[in-house]
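Participant:
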Amino acid sequence: LHLHCMPAGRAEDQPPLLCLHPAPYSGAWFATVMPLLNQGRVVIAPDYPGYGGSAPTETEPSIRDYADAMLDLLDDMSIARADVVGFHTGCLVGAEMSLVRADRVRRLILIDVPCFSGEERRKLYARAVTPRRFDADPAGLTEEWHRNVEQRLDAMPFDRAFELFVESLRAGDRSHWAFHAAFNYPSDERFPDLTKPVHVIATGSGLLDATRAAARLLPNVRLVECTDITRAVFEEGAGRISIEILAALGAKR
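Read left to right, the sequence shown gives residues 115 to 367 (this note's numbering).
This is the structure in structure tokens:
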């Protein structure tokens with residue numbers, strides 16, 4: 115797996131923080147916020163298999179497969195226990211990590227959770243899991259450019275928007291694989307089994323209702339709503355969201 119790492123900003127006395135990215139991007143998603151989170155801890159943002167700089171699997175992975183890959187990474191790095199932050203798809207991966215190996219996850223923080231009922235998932239699946247096809251005609255990139263660059267320029271610098279645009283393309287025609295995993299993941303069935311404390315942060319950037327639904331399913335949850343963050347959660351909202359993450363990491367549970 116390819117990693118984005120931020121060394122501890124002072125003497126390392128806290129568990130590593132594992133940041134799990136949304137699809138179809140990579141661990142580079144967290145580049146702006148990582149320097150705000152590394153006091154006393156190393157911050158690690160891996161690329162899922164098939165995304166960013168990580169080699170793809172041969173077949174479409176499940177959320178469990180992604181979770182297992184992250185747990186294997188902890189083994190490879192000799193990390194006995196980590197704090198985990200997930201965003202969008204990363205919420206499902208982090209939750210599954212904790213369900214499978216609760217002993218490996220100390221604090222679990224889920225931000226903007228794509229939690230849907232079975233019927234909702236089926237409706238969303240067809241729209242989200244359409245393979246992207248690119249060829250020699252640059253017109254095929256127009257929609258991606260508009261969504262990842264033009265629509266973001268009032269919330270982040272061009273260079274950063276362009277970086278995320280490039281990251282969104284690196285998975286190529288496999289870019290939908292994590293969406294396939296996410297919309298086949300029965301969060302409405304799995305979340306009630308997650309009995310460890312979970313800190314859920316809901317912003318106003320698009321998944322507010324779904325995140326509230328996730329909080330209702332989790333038996334041991336603390337929900338914080340940051341509805342004033344309405345876009346670019348880890349860019350324009352990086353300062354605020356880092357404060358909430360650090361508060362959750364330090365919470366006595």
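All C-beta atoms in this analysis are idealised placements derived from N, C-alpha and C, irrespective of residue type, glycine included.
Between the beta-carbon of residue 229 and the beta-carbon of residue 319, is there less than 7 Å?
Facilitator: No, these two residues do not count as a Cβ contact at 7 Å.
Participant: I need the boundaries of the alpha helix (DSSP H) containing residue 205, first residue and last residue.
Facilitator: Residues 203-214.
Participant: For the segment 345-365 against the segment 218-226, are there 3 or more C-beta pairs whose distance is under 8 Å?
Facilitator: Touching, per the Cβ criterion.
Participant: Which residues bound the alpha helix (DSSP H) around residue 294?
Facilitator: Note, residue 294: alpha helix (DSSP H), 291-296.
Participant: Do residue 335 and residue 327 come within 7 Å of each other at the CB atom, strictly closer than that value?
Facilitator: No.
Participant: Report the three-state DSSP secondary structure of residue 120 (helix, strand or coil).
Facilitator: Strand at residue 120.
Participant: If contact is defined by three or more beta carbon pairs under 8 Å, each pair taking one atom from either stretch, is the segment 257-264 in contact with the segment 140-150?
Facilitator: Touching, no.
Participant: Considering residue 240, what are the terminal residues of the alpha helix (DSSP H) in which it resides?
Facilitator: Start and end: 232-242.
Participant: Taking the Cβ atom as the reference point for each residue, do residue 266 and residue 275 lie within a distance shorter than 7 Å?
Facilitator: In contact: residue 266 and residue 275 (Cβ atoms closer than 7 Å).
Participant: Go ahead and pull the three-state DSSP assignment for residue 151.
Facilitator: If DSSP states are grouped into helix, strand and coil, residue 151 belongs with coil.
Participant: Can you check DSSP and say which residues form a bridge with residue 229?
Facilitator: None, per the DSSP bridge assignment.
Participant: Looking at the secondary structure, which residues open and close the alpha helix (DSSP H) in which residue 313 lies?
Facilitator: Run containing residue 313: none in the alpha helix (DSSP H); it sits in the beta strand (DSSP E), 312-317.
Participant: Rounded to whole angstroms, what is the Cα-Cα separation between residue 129 and residue 207?
Facilitator: Distance between the alpha carbons of residue 129 and residue 207 is about 19 Å.
Participant: Pull up the distance between the alpha-carbon of residue 218 and that of residue 171, whole angstroms please.
Facilitator: About 24 Å.
Participant: Considering just the uninterrupted stretch of the beta strand (DSSP E) at residue 339, what are its terminal residues?
Facilitator: 335-340 is the extent of the beta strand (DSSP E) around residue 339.
Participant: Using the Cα positions of residue 167 and residue 283, report the straight-line distance between them to the nearest angstrom.
Facilitator: Taking the straight line joining both Cα atoms gives about 11 Å.
Participant: Based on Cα-Cα distance, which residue from 202, 157, 175, 203 lies nearest to residue 188?
Facilitator: Per the Cα distances, 157.
Participant: Is residue 232 buried or exposed, if buried means 16 or more other CB atoms sit within 10 Å of its CB?
Facilitator: Residue 232 is exposed by the Cβ-count criterion.
Participant: With 16 as the cutoff for other CB atoms within 10 Å, does residue 161 come out buried or exposed?
Facilitator: It is buried - the Cβ of residue 161 has at least 16 other Cβ atoms within 10 Å.
Participant: With a cut-off of 8 Å, do at least 3 Cβ pairs link the segment 241-249 to the segment 337-351?
Facilitator: Short answer: they don't touch.
Participant: Comparing alpha-carbon positions, which option in 196, 343, 152 lies nearest residue 125?
Facilitator: The residue with the shortest Cα to Cα distance from residue 125 is 152.
Participant: How would you write the range of the alpha helix (DSSP H) that residue 183 sits in, first residue to last?
Facilitator: Residue 183 -> alpha helix (DSSP H) spans 177-190.
Participant: For the candidate residues 346, 292, 174, whose alpha-carbon lies nearest to that of residue 140?
Facilitator: The shortest Cα separation from residue 140 among 346, 292, 174 belongs to 292.
Participant: Restricting to Cα atoms, I'd like to know which of 215, 324, 308, 346 is closest to residue 333.
Facilitator: Closest option to residue 333, Cα to Cα, is 308.
Participant: Tell me, to the nearest whole angstrom, how far the beta carbon of residue 381 is from that of residue 199; I am working on the premise that it is less than 8 Å.
Facilitator: One cannot answer for residue 381 here, as it falls past the ends of the chain, which runs 115 to 367.
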